[in-house]
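Note sheet for the following structure.
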Amino acid sequence: MNLVERAKNILISPAKEWEVIKQENLTVSQMFLNYAVILAAIPAIAGFIGYTLFGISLGFISYHVPLGSGILWAVLTYVFSLISIYIIAFIADALAPSFGSTKDIVASTKAVVFSLTPAWVAGILYVIPSLAILVSLASIYGLVLLYMGLKTVKDVPKEKMVGYYVVLLIISIVIMVVVNMIVGAVAFAGLMTSYSY
2 MNLVERAKNI
12 LISPAKEWEV
22 IKQENLTVSQ
32 MFLNYAVILA
42 AIPAIAGFIG
52 YTLFGISLGF
62 ISYHVPLGSG
72 ILWAVLTYVF
82 SLISIYIIAF
92 IADALAPSFG
102 STKDIVASTK
112 AVVFSLTPAW
122 VAGILYVIPS
132 LAILVSLASI
142 YGLVLLYMGL
152 KTVKDVPKEK
162 MVGYYVVLLI
172 ISIVIMVVVN
182 MIVGAVAFAG
192 LMTSYSY
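In this text, residue positions in the sequence shown follow the working numbering: the first is 2, and each later residue adds one.
The following block contains the structure:
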């Protein structure tokens with residue numbers, strides 16, 4: 002699996018690429034080590050650079066995240082994003098029989114890992130914090146890819162696909178919100194207490 006080709010193909014011709022992915026003999030560790038570990042670093046590193054060096058501007062007010070908090074935020078964001086992938090793939094796999102599919106952790110991981118490509122690639126835009134909204138838009142495309150991936154690699158029956166997708170989507174959103182709250186609370190705890198009276 003060539004990382005650059007895979008990322009390009011899943012973004013440009015996803016229907017065709019999902020069929021290729023379905024046939025590939027990959028392991029969970031290969032997907033993590035050869036793809037997720039590398040691409041998930043993009044938003045973490047770009048966010049660190051953007052928020053610490055360039056800062057956030059709101060009108061006439063500009064704020065730069067302190068170096069220590071920025072490093073902690075980047076490391077936690079990276080680590081928790083990888084953990085979240087595994088949790089979401091595990092949940093997708095556990096839910097599969099309830100929606101007419103079979104348990105197959107490799108197929109579930111394929112759907113989750115490769116659907117995150119748009120958010121990871123667009124994560125480079127965090128270098129300029131004011132462009133962060135574009136990363137959110139790319140993430141929406143990732144949701145489309147997740148639907149396509151689940152449908153293709155998990156062989157979910159057509160009549161149960163929407164239910165499977167919606168349940169997994171809600172669970173994924175809850176996981177991401179909790180992760181972001183934990184990362185923010187830990188990384189910026191010192192900042193909050195230093196400004197309290």
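Positions of the beta carbon are idealized from the N, C-alpha and C atoms, including for glycine.
Exercise. Measuring alpha carbon to alpha carbon, tell me which of Ser85, Ile134, Phe115, Val128 ends up nearest Val154.
Key: As a working note, residue 154 is residue 153 in the sequence shown. Val154 has its Cα closest to that of Phe115, out of Ser85, Ile134, Phe115, Val128.
Quiz item: From which residue to which residue does the beta strand (DSSP E) around Tyr204 run?
Solution: What is shown of the chain runs 2 to 198, which leaves residue 204 out entirely.
Quiz prompt | Sequence-distant residues of the same chain with beta carbon closer than 8 Å to Met177, five excluded per side | solution = As a working note, residue 177 is residue 176 in the sequence shown. So the list reads Ser85, once near-sequence residues are dropped.
Exercise. Give every residue of the same chain whose Cβ lies closer than 6 Å to the Cβ of Ile92, excluding the five residues on either side of it in the sequence, and list them in chain order.
Key: Within the sequence shown, residue 92 is the residue found at index 91, counting from 1. Contacts found: Ile172.
Quiz item: Where does Leu117 fall in DSSP's three states?
Solution: Taking the sequence shown and counting its residues from 1, the one referred to as residue 117 is at position 116. Residue state, collapsed to three classes: coil.
Self-check item: DSSP-derived helix/strand/coil call for Leu59
Solution: As a first step, residue 59 must be located in the sequence shown, where it is residue number 58. The answer is strand: DSSP assigns Leu59 an E or B state.
Quiz item: Any chance the stretch 140-152 sits against the stretch 70-81, with 3 or more Cβ pairs inside 8 Å?
Solution: no
Self-check item: Collapsed DSSP secondary structure at Glu25 in the structure displayed
Solution: By 1-based counting over the sequence shown, the position of residue 25 is 24. Correct three-state label for Glu25: coil.
Exercise. State whether the stretch 29-46 contacts the stretch 54-63, with contact taken as three or more CB pairs (one from each stretch) at a distance under 8 Å.
Key: no
Quiz item: If you draw a straight line from the C-alpha of Ile46 to the C-alpha of Val80, how long is it?
Solution: On the sequence shown, position 45 is the one that residue 46 refers to. On the sequence shown, position 79 is the one that residue 80 refers to. So the alpha carbons of these two residues sit roughly 12 Å apart.
Quiz prompt | Same chain, Cβ closer than 6 Å to Lys161, neighbours up to 5 away in sequence not counted | solution = Numbered from 1 along the sequence shown, position 160 holds the residue referred to as residue 161. Here the set comprises Phe100, Gly101.
Practice problem: Could you name each continuous alpha helix (DSSP H) segment of 4 residues or more that falls completely within the stretch 143-177, going from the start of the chain to the end? | Solution: none
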